[in-house]
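Okay, so the sequence shown: first residue is 12 according to my numbering, each after it adds one. Just so you know, even glycine gets a beta-carbon here, dropped at the ideal spot from N, CA and C.
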Amino acid sequence: MNTKTTTTVPVITIDGPTASGKGTITRLLAQRLGWHILDSGALYRLVALAAHKHSIPLDDADSLQPLAAHLDVEFAIDEDSGEIVTLLEGEDVTQDLRSETCGNDASRVAQIAMVREALLARQRAFCETPGLVADGRDMGTVVFPDAVLKIFLTASVEERACRRYNQLKDKGLGVTMRGLLDEIAERDARDRGRAASPLVAAEDAVQLDTSELTIDEVVDRLWSLCQVRLN
């Protein structure tokens, strides 16, 4: 990867809380544009998984910082499914990354300023021609502050819990709506209250509540915004 910034390569950032639809929308919009994708949340989940693998406590900032800076990570495309496969130190951890436990651990790790700083350069290195759609919680405020278009997606806690419930049930995982409501509310509070890069919409971001919108409707709205900003 190169280290070009958004001064030469256009970037669209899509931020928002957990289960707001960022990942799906980012993938579909990037496919329509023919651009690269950055799922920044995966990097924090990978740090959390690597920490467990190497028996590093999630509050040990001094040990997590070099771990984050030297993560052995590879992203590949499964030829059969077309889905992204994530390898950590040569091991396929794609399914592990999607668990609620991993998501909660990633939220804890993301509160540590030293870890966020270690991953900053790596995230910016994803910026390659013809463009990048970056999904996260501080893409528009910290990582790519000069992005050509900044989006902040949200939805009600109830709607987000319902989406996550259906996703996990489809995977055969045992979850309860009450438990997901509590977890999402707790994660929202943690993400918004952290000292390092709290979850907030950039001042120049377009905010969109997806509670009553279908995936296609959201993508179409963002595509229309792209036509204005990119032309």
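Label residue i either buried or exposed according to how many other C-beta atoms from any shown protein chain fall within 10 Å of its C-beta, with 16 as the threshold for buried.
i           : result
residue 183 : exposed
residue 162 : buried
residue 188 : exposed
residue 13  : At residue 13, the pLDDT of 40 sits below 50, so the modelled position is not reliable; the number obtained from the coordinates is stated separately. Under this definition residue 13 is an exposed residue.
residue 146 : buried
residue 155 : buried
residue 247 : The structure shown has nothing for residue 247, since the chain only spans 12 to 242.
residue 21  : buried
residue 86  : exposed
residue 172 : buried
residue 50  : buried
residue 136 : exposed
In chain order, what residues of the same chain lie with their CB nearer than 6 Å to the CB of residue i, ignoring the 5 residues before and after it?
i           : result
residue 56  : 108, 113 and 117
residue 27  : 33, 163, 164 and 165
residue 209 : 203
residue 175 : 30 and 191
residue 246 : Residue numbering for the chain in the displayed model covers 12 to 242; residue 246 lies beyond these limits and cannot be assessed.
Given residue i, which residues of its chain have a CB within under 8 Å of its CB, disregarding the five upstream and five downstream residues?
i           : result
residue 311 : The structure shown has nothing for residue 311, since the chain only spans 12 to 242.
residue 126 : 55, 58, 72, 75, 76, 79 and 120
residue 234 : 40 and 43
residue 229 : 32, 36, 164, 219 and 221
residue 98  : 84, 85, 86, 87 and 104
Just to confirm my understanding: we take residue i, look at its own chain, exclude 5 residues before and 5 after, and list those with CB closer than 7 Å. What are they?
i           : result
residue 100 : 83
residue 46  : 141, 142, 143 and 144
residue 92  : none
Identify the residues that DSSP records as bridge partners of residue i: which are they?
i           : result
residue 165 : 220
residue 29  : Beta-bridge pairing links residue 29 to no other residue.
residue 102 : 99
residue 50  : 146
Check whether the Cβ atoms of residue i and residue j sit closer than 9 Å, and answer yes or no.
i           : j           : result
residue 215 : residue 151 : yes
residue 226 : residue 144 : no
residue 236 : residue 217 : yes
residue 124 : residue 61  : no
residue 96  : residue 131 : no
residue 111 : residue 186 : yes
residue 52  : residue 133 : no
Which whole-angstrom value describes the C-beta separation of residue i and residue j, a residue pair presumed to lie in contact below a C-beta threshold of 8 Å?
i           : j           : result
residue 222 : residue 170 : 5 Å
residue 196 : residue 159 : That pair is no contact at about 33 Å.
Is any non-hydrogen atom of the ligand GTP found closer than 8 Å to the C-beta of residue i, if you look at the structure I gave you?
i           : result
residue 204 : With respect to small molecules bound, the structure shown includes none, and the ligand GTP cannot be examined in it.
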